[in-house]
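A.B. asks: Just so we're aligned, residue 1118 is where the sequence shown starts under our numbering, counting upward by one.
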Amino acid sequence: MVIAIVGPTGVGKTKMSVELAKKLNGEIINADSTQVYIGADIATAKVTEKETEGIPHHLFDFKNLEENYTVYDYQKDCRKKIDEIIKKGKIPILVGGTGLYVKAALYDYQFVEMSYHNEYEEVCTSELFLRLKKIDPETTIHPNNRKRIVRSLNYYEETKMLLSQKEKTETLLYPCVFIGLTMERDLLYQRINHRVEQMIQDGLLEEAKKMFDSHIRTKAVLTPIGYKELFPYFEGEKTLEWCLEEIKKNSRKYAKRQYTWFRNQVPVTWFSVDVDHFDQTVSEVFEFIDTSDSKKELT
1118 MVIAIVGPTG
1128 VGKTKMSVEL
1138 AKKLNGEIIN
1148 ADSTQVYIGA
1158 DIATAKVTEK
1168 ETEGIPHHLF
1178 DFKNLEENYT
1188 VYDYQKDCRK
1198 KIDEIIKKGK
1208 IPILVGGTGL
1218 YVKAALYDYQ
1228 FVEMSYHNEY
1238 EEVCTSELFL
1248 RLKKIDPETT
1258 IHPNNRKRIV
1268 RSLNYYEETK
1278 MLLSQKEKTE
1288 TLLYPCVFIG
1298 LTMERDLLYQ
1308 RINHRVEQMI
1318 QDGLLEEAKK
1328 MFDSHIRTKA
1338 VLTPIGYKEL
1348 FPYFEGEKTL
1358 EWCLEEIKKN
1368 SRKYAKRQYT
1378 WFRNQVPVTW
1388 FSVDVDHFDQ
1398 TVSEVFEFID
1408 TSDSKKELT
């Protein structure tokens, strides 16, 4: 049995995963594409040692910024961890907001190891989307989702097949329960804005400056929201206030995309987070997992 905790950024997935792991004798597996990288901590909201509360966490903080870690790599690593945890008699709990990672690990996707990698640094996102539309007129990828657009173009160059067709599968490899956390949109956006301010207090500016000075511009640095938005400040082109607003704006947009993806791609049961009484939300989720109907799905 596998539990997947999904939802938008800032909704409380990390805390929920730890609480469930304590109740269910579980171990946690990262399902966020940015949290695999060493040194990318504050911007990615990576779980801290204190926040783990002694629960084993896997696939966090184990790749260098220069490495090209793909969904193909994650699929292999995650499935290996799932099997290891199940063999120990424990419950694997996937937690993260990267929907494709979750689906690649749990569904019968057959990825190929890619040798063709083009980041298209000199091409704007709108032009890349037009290229994708020419080869895949029915694509459902959002025109601003550069990461998915680039991945689809690379997949086509490598295989001459459409990624949108390959990703269509509804066959689960494990008995799974998908738990989605949600909250009223205005409240979520307030939490996102506050979290950005807290990240600055925690050292985001220093972490981003370190990334800027490293001159590393791999997807490990350019994908997380919080680094590239601050680069214009370090270059003297924009004010810090302007850059922080960009981080907040992009985080809110990302949360909206995450909601849309999970609602359309996986059979999520959604729970509204009570921020002031989070223990009550934990109890509701635990009770759902512990019901007879859910147990049938897990056996």
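Glycine residues also receive a C-beta, built at the ideal position from the N, C-alpha and C atoms. Small disclaimer: the values here were computed from a predicted structure and weren't measured.
Between which two residues does the alpha helix (DSSP H) carrying glycine 1124 extend?
C.D. replies: Note, glycine 1124: premise wrong, no alpha helix (DSSP H); not H, not E.
A.B. asks: Measure the Cβ-Cβ separation of alanine 1160 and leucine 1321 and say whether it is below 8 Å.
C.D. replies: Yes, the Cβ-Cβ distance between alanine 1160 and leucine 1321 is below 8 Å.
A.B. asks: Taking Cβ to Cβ, would you say glutamine 1375 is nearer than 8 Å to glycine 1124?
C.D. replies: yes
A.B. asks: Which one or two residues does DSSP pair with proline 1209 in a beta bridge?
C.D. replies: In DSSP, proline 1209 forms a bridge with Glu1144.
A.B. asks: Measuring only the C-alpha atoms, how far is serine 1134 from threonine 1165?
C.D. replies: 13 Å
A.B. asks: Cβ of phenylalanine 1295 within 8 Å of Cβ of threonine 1386?
C.D. replies: yes
A.B. asks: Of the choices Ile1122, Lys1327, Thr1126, whose alpha-carbon is the least far from that of glutamate 1136?
C.D. replies: Ile1122
A.B. asks: Within the same chain, show all residues whose beta-carbon is closer than 8 Å to that of leucine 1245, passing over the 5 residues directly before and after it, in chain order.
C.D. replies: Tyr1237, Arg1263, Ile1266, Val1267, Leu1270
A.B. asks: Taking DSSP as the reference, what is the three-state secondary structure of histidine 1394?
C.D. replies: helix
A.B. asks: Helix, strand or coil, according to DSSP, for glutamine 1315 in the structure here?
C.D. replies: helix
A.B. asks: Given this structure, state the Cα-to-Cα distance separating phenylalanine 1309 from lysine 1251, to the nearest angstrom.
C.D. replies: The amino acid at residue 1309 is misidentified as phenylalanine; the sequence shows isoleucine. Answer to the nearest angstrom: the Cα atoms are 36 Å apart.
A.B. asks: Count Cβ pairs between the segment 1208-1218 and the segment 1143-1151 that sit closer than 8 Å; are there 3 or more?
C.D. replies: At 8 Å Cβ cutoff, the stretches touch.
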